[in-house]
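Report on the structure given below.
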Amino acid sequence: MARVLITAAGGDIGIGAIQSLQKASHETIAVDMNPHGAGLYIADHGVCVPAASDNEWPTAMARVVNEYNVDIVIPLIDQELQEIDRLQSALPNDIPVIVPRRGLIEKTVDKKEMYEYFRKHGLRIPETSVADTHSGLFESQSKEPAKIVKPRYGQGSRGVQLIHTSDDLREYIDENEVDQSNLLVQEFINGPEYTSNVTVTNDNRLLSIVTKEVPERNNYTALGITRDNPTVYEACIEAFEALEPAGPMNVQHMLDEDGIPYLIEINPRFSGSSCLTVEAGVNEFDLLVRNALDEEIEPVDEYETGLGIIRYTDQVYIDESNLLSQANDCQ
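Residue numbers (UniProt numbering): 1 to 331.
Okay, here's the thing in structure tokens:
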């Protein structure tokens, strides 16, 4: 058993991580910037800390690590990954932080750079360009071909929209008050979406790939179903071999009408649907915690397919005396 610090305790990804680690009998210490984040009260211990962008965040995290004798830290959101150098410099040298290699994290901040990186490594991606160079992308004002417009910087599917004409693009730019150089226009792959958890050790040994179809999405995986799709699996193998993550990686593909997968996103961390991966038989949180503790870990080749996840609102009931407050309890 390890004492594991988990961030983002107020969101689905954090709560899923807490529950997954508790299933494996690890002691959980959860942190969040919101003192009323539900995961703070589901975990064995909960602590309010500043946002990752705050100058005091690394120091606050180090205090939590020292106070609770934390063995391992798992950052779960993109903003924290961008501050990983500050965090690691504040922590004792012997505290592992479960993240992929630094170079991969850096490549995913700017999606334009990320797609160029994918192309350079021979990975199949949709045709993509910056919006300010989109001339000729739409040959007419007809409804075909559709394109996807998305922020060049940002997380998840926020700001992603389907457009059909140059007028649609201009309307998007005006409504969102965004500079064209900060937008990407991308070929629309009109088929099923897959999100896959690729579990990789800190010395870049592949432990597991669990592929899931995403019938519904609303900034996060609202509904997902585990699948056995050999084509998507092989595409994940290609991404693993090309990118060498040396840590957890979430890989997202869109399939065209012929079932050919196109890589659309890499999240260099555990994902919001990692809890479904755990329920299907691959506890990737536990695997990488034990790997960080230098235990011998064997690959997990099998998982339950056809297993779905549906999210719903639940409650946590606590005594008023145990409520944390922003003013008094944030580190």
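The beta carbon of each residue, even a glycine, is placed where N, CA and C say it ideally should be.
{"query": "Any C-beta of chain B under 8 Å from that of residue 178", "result": "Of the protein chains in the structure, only one exists, and it is not chain B."}
{"query": "Alpha helix (DSSP H) segment containing residue 14, residue limits", "result": "12–23"}
{"query": "Limits of the unbroken beta strand (DSSP E) element including residue 330", "result": "Element bounds for residue 330: n/a, residue is neither H nor E."}
{"query": "Reduced DSSP secondary structure (H/G/I, E/B, other) of residue 86", "result": "helix"}
{"query": "Backbone secondary structure at residue 182 - three-state DSSP", "result": "helix"}
{"query": "Proximity winner among 17, 164, 3 and 113, relative to residue 187 (alpha-carbon distances)", "result": "164"}
{"query": "Host alpha helix (DSSP H) of residue 166 (start-end)", "result": "166–176"}
{"query": "Three-way DSSP call (helix, strand, coil) for residue 267 in this model", "result": "strand"}
{"query": "Separation of residue 149 from residue 127, as counted between CA atoms", "result": "12 Å"}
{"query": "Beta-carbon separation (whole angstroms), residue 268 vs residue 40, contact threshold 8 Å", "result": "With a Cβ gap of about 25 Å, residue 268 and residue 40 do not count as contacting."}
{"query": "As assigned by DSSP and simplified to three states, the class of residue 79", "result": "helix"}
{"query": "Delimiting residues of the beta strand (DSSP E) encompassing residue 194", "result": "193–200"}
{"query": "Classification of residue 279 by the beta-carbon crowding that lies within 10 angstroms, buried from 16 upward", "result": "buried"}
{"query": "Assumed close pair residue 245, residue 253 - CB separation to whole angstroms, cut-off 8 Å", "result": "About 16 Å separates the two Cβ atoms, so there is no contact after all."}
{"query": "Per DSSP, the bridge partner or partners of residue 332", "result": "Since the first and last residues shown for the chain are 1 and 331, residue 332 lies out of range."}
{"query": "Pick from 84, 73, 106 and 102 that is closest to residue 96, judged by C-alpha positions", "result": "73"}
{"query": "Burial state of residue 313, where buried means 16 or more other Cβ atoms lie within 10 Å", "result": "exposed"}
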